[in-house]
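Numbering (this note's numbering), first residue to last: 207 to 291. Note that the Cβ used here is the ideal one computed from N, Cα and C, for glycine as well. Computed from a prediction, not measured in an experiment: that's the story for all the values here.
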């Protein structure tokens with residue numbers, strides 16, 4: 207795992223910055239339920255796109271990886287979405 211982090215420092219730094227940005231956006235929208243739902247969808251979509259892009263760039267993308275990122279993003283986004291219900 208640490209080898210993977212060391213090899214792709216820029217990609218993981220970018221991911222952390224994107225997620226922190228989305229957390230800030232989520233907290234900024236706090237009382238507005240529609241804003242929170244938009245923030246959760248945006249975070250999930252961004253995570254999914256980052257995962258696919260990072261694996262395409264590393265040239266080891268396959269269907270299983272895309273499905274894994276899709277369902278991880280769906281689970282996390284769904285949890286945040288239903289938190290705002």
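Three-state secondary structure (DSSP) of residue i
i: residue 209; result: helix
i: residue 264; result: coil
i: residue 278; result: helix
i: residue 236; result: coil
Span separating the alpha-carbon of residue i from that of residue j
i: residue 241; j: residue 291; result: 12 Å
i: residue 255; j: residue 279; result: 10 Å
i: residue 230; j: residue 220; result: 15 Å
i: residue 261; j: residue 267; result: 5 Å
i: residue 154; j: residue 243; result: There is simply no residue 154 to check, as the chain begins at 207 and stops at 291 in what is shown.
i: residue 339; j: residue 233; result: What the structure shows of the chain is the stretch from 207 to 291, and residue 339 is not part of that stretch, so it cannot be assessed.
C-beta neighbour in chain D for residue i, strict 8 Å
i: residue 285; result: Of the protein chains in the structure, only one exists, and it is not chain D.
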